[in-house]
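Here the structure is laid out as structure tokens; the discussion comes afterwards.
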Amino acid sequence: MARKNTALMARKNTVLRARKNTALMAHEKAGLMTGAGNPVSMRRGIAVALLALLWVGPLPDLATGSMVLHMVLHLGVTALVPALWAPRLPMPAGAMALALGAIAEMVAVWGWHLPGPHMWARLDGVGFALEQASFLGAGMVLWAAARSAGAFGGALVLLATTMHMTLLGALIGLSPRDLYGGICAGHLGLSALQEQQVAGALMAGAGGAIYLLAALARLARALRLTEVRA
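Structure follows, in structure tokens:
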């Protein structure tokens, strides 16, 4: 009788563990990047509203005369909006998805912060439109790759993004010379070099933190799932 009860209890525990695993895997598959209880539709509504505010408001015009305000616009379009939207796109599996997401975002961010392309985007409407479209598109590809790669893989691609974003911010902010010219300063009462230094610190600090926090959240979720499976 005791053996029978023990067997029944073991079977019950196995079923409960399987249900818990299924629930956690379903949550992971849903790719919810925010706290529990936040509907995807609400989060995406916030993403659309934020993008409209960034693009339709005064920030694009102000960003032409301020490297700091450009960086605010850049981080909003590249990092915050895609993170809130958290797209699910058809992506190749495994390492290919990781490489595609990380490289697309890195090429867009580093490319448009080279002096030539950056000045083109500040002074020409076509350049600005291409810059913003590539920022948004690369950000969406990055977050789609993070979703399709699973918890650990997603954390890896986000950590890689943290590192290159921090490195670029440090290179911009610590440069001893003005990289972008006087056109990128004036609205905030700072010199061009001061604007560049603050913008670099903003990219390295705030930009790196966005991806780092998202990576840590995914790692925590993956560890919880691993513990339950064990």
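Per numbering that gives the first Met the number 0, residue 0 is the first one in the sequence shown, and the count goes up by one each step.
Ideal placement from N, C-alpha and C gives every residue a C-beta, glycine not left out.
Problem set entry | Closest Cα partner of Leu170 within the set His112, Trp84 and Glu104 | His112
Exercise. With DSSP run on the structure shown, which of helix, strand or coil describes Tyr179?
Worked result: coil
Problem set entry | Rounded distance between the beta-carbons of Arg176 and Ala85, thought under 8 angstroms | Ala85 to Arg176, Cβ: 39 angstroms. No contact.
Exercise. How far does the alpha helix (DSSP H) with Arg146 in it reach, from first residue to last?
Worked result: Gly124 to Ser147
For this session: Let me know the secondary structure DSSP gives Ser190 once reduced to three states.
Result: coil
For this session: Please confirm if the stretch 183-202 is in contact with the stretch 61-72, defined as three or more CB-CB distances below 8 angstroms between the two stretches.
Result: yes
Exercise. When DSSP labels each residue in this structure, what does Arg217 get in the three-state scheme?
Worked result: helix
Problem set entry | Contact under 8 angstroms by Cβ, Ala205 with Leu74 | yes
For this session: Flag this pair as yes or no: are the beta carbons of Arg217 and Gly124 separated by less than 8 angstroms?
Result: no
Exercise. Of the choices Val76, Leu211, Ala144 and Leu58, whose alpha-carbon is the least far from that of Leu50?
Worked result: Val76
For this session: Consult DSSP for His112 and reduce its assignment to one of helix, strand or coil.
Result: coil
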